[in-house]
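**Q** Residue numbers (the working numbering): 10 to 557.
My structure is below; once you've seen it, I'll send some questions.
This is the structure in structure tokens:
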């Protein structure tokens, strides 16, 4: 299949769906196409719904400036002012948009939105009752007249003279090769959830959507875009063995965290660092304790956990025989991930969602707007759409090199032909890659460990010729392994470059154990080097603004 569109959106999750909807609002006559690796009705990091909108600046109650103060504390100063400020400034209008679509935000007896304290300063998280949020987004995409191509993995961006002019990929069920030429392209295909191995050992039992394999990071990097924050390797204490979140839902409603000694862990706000510290000091396991809460509070927690984000929890706890009124909930340290929503990792973007490549925009977890969560996905989905429409109105489709298309199609055909009799299953190969990431690329870090991963890297890439690929689903997994390897390579180079420790455990280097604001209050930016296979590392100053 070969088609042309005005705006191509890669990824149909929260950011991608919002981008497509807003693009059609801006100009109903333009052609908008979403390419989605899964099925848009239930794809992306939310899949079902969400229990909260994490960042909302309510007029007269909080301010963007207060949010920025809080964000600087959480990121330890490693964020640019303008993108995060724009997100905060536009957050309330996102809430109103969602309300207009029928999404419910509970209010208290004074008719005020119910806000919860999870940030260092200010109360920005608002309760949200939206078990079918993803279905609502998918329906709005359909109503807007957006073309959606499901079950299709993008393997390469089309680039001409540092301008992105579309993408190529294939249907993971039929194998149909797809070329989509576009005047503007928006990357909205998530972070890298499949980084290190989960404690369960199950490849896809990750905290975040396991379809997020670092696709966008790899596509952008190989196209020549700049990326940053890859040394921020994040993990969270989650429900052990199922890796579901519940900290925000329980701790903001009075639950406590206790260690194996029965001691209550002091939490200034909902911070994972103190919990991880207890585990580092051998005081684990740690538990969520709720038996002191009134019955109505526990019922409220159960209602949210069992209906909205991951309703599978109801069956999990029933089968475990755990009653929140009596038993403790064990937390486990989950896999490490790279993410622009929960962390600091992503494609470099400005306040207009522009990347460093002409015609390419990024929104959601794939973009570096630190700790943006769902609010950032929606806001920068809007922003990317608005800017992409302006770009389309003033630019024609660039010239496409047909040789690029032929080469990519032939590469994929060669893998299908040459790897049919491979000796290693795609699952076993991914397991080895991610086990090696767990061994060498996550905290505690040091130069020797990190360079050991770089020793393994070319060997993995060479051994990919031995992966067995017998159908197009396995071919998609083969491509995802390349995305994971690219993401890990970028993370290791960034971790080597930042010769200090920062963000608690998330970038703890035993050979540089102290934080060094004097030398390292700056971004580590990565881009493709001039030599083949070379990762170029740049140190870039923080762009400050406002009161600081």
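Even for Gly, the Cβ is constructed at its ideal location relative to N, Cα and C.
1) Quick check: residue 544 and residue 357, are their CB atoms within less than 9 Å of each other?
2) Within a Cβ cutoff of 8 Å, which residues of the same chain sit near residue 149, ignoring the five residues on either side of it in sequence?
3) Scan the region 132 to 212 and note each continuous alpha helix (DSSP H) run of 4 residues or more that stays entirely inside, going in chain order.
4) Just the C-alpha distance for residue 36 and residue 100, rounded to the nearest angstrom, thanks.
5) Have a look at residue 433 and residue 233 and give me their C-alpha separation to the nearest angstrom.
6) Taking the alpha helix (DSSP H) that residue 478 belongs to, which residues open and close that run?
7) Strictly by DSSP, which residues pair up with residue 124?
8) Find out if the Cβ-Cβ distance for the pair residue 385, residue 350 is shorter than 9 Å.
9) By a C-beta neighbour count over all protein chains shown, 10 Å radius and 16 as the cutoff for buried, is residue 511 buried or exposed?
10) Under 8 Å by Cβ, that's how I've got residue 102 and residue 77 pegged, so tell me the actual separation to the nearest angstrom.
11) Cα separation between residue 333 and residue 372?
12) Between the region 68 to 82 and the region 359 to 377, are three or more C-beta pairs nearer than 8 Å?
13) Enumerated in chain order, which unbroken segments of the beta strand (DSSP E) with a length of 3 residues or greater are wholly contained in the region 352 to 393?
14) Between which two residues does the alpha helix (DSSP H) carrying residue 75 extend?
15) Using three-state DSSP, classify residue 70 as helix, strand or coil.
16) Using the beta-carbon count (16 or more within 10 Å), is residue 217 buried or exposed?
17) Between the Cα of residue 293 and the Cα atoms of 453, 214 and 268, which residue gives the shortest distance?
18) Determine the closest residue to residue 368 out of 191, 143, 68 and 112, with distance taken between C-alpha atoms.
19) Rounded to a whole number of angstroms, what is the C-alpha to C-alpha distance between residue 263 and residue 302?
20) Could you compute how far the alpha carbon of residue 376 sits from the alpha carbon of residue 450?
21) Please classify residue 436: is it buried, with 16 or more other beta-carbons within 10 angstroms of its beta-carbon, or exposed?
22) In the DSSP output, what is residue 226 paired with across the bridge?
23) Buried or exposed: which applies to residue 556, given that a residue is buried once 16 or more other Cβ atoms fall within 10 Å of its Cβ?
24) Within this structure, are the beta carbons of residue 418 and residue 489 separated by less than 9 Å?
25) Please classify residue 440: does DSSP put it in a helix, a strand, or coil?
26) Cα separation between residue 13 and residue 152?
**A** Taking the structure as given:
1) no
2) 26, 30 and 110
3) 142 to 152
4) 23 Å
5) 32 Å
6) Careful: residue 478 lies outside any alpha helix (DSSP H) and carries neither H nor E.
7) 135
8) yes
9) buried
10) Their Cβ separation, rounded to whole angstroms, is 18 Å, which puts residue 102 and residue 77 out of contact at 8 Å.
11) 38 Å
12) no
13) 369 to 371
14) 73 to 84
15) coil
16) buried
17) 268
18) 191
19) 7 Å
20) 21 Å
21) exposed
22) Answer is none; residue 226 lacks a bridge partner.
23) With a pLDDT of 48 at residue 556, under the threshold of 50, the modelled position of this residue cannot be trusted; read the value that follows with caution. Exposed, by the Cβ-count rule.
24) no
25) helix
26) 21 Å
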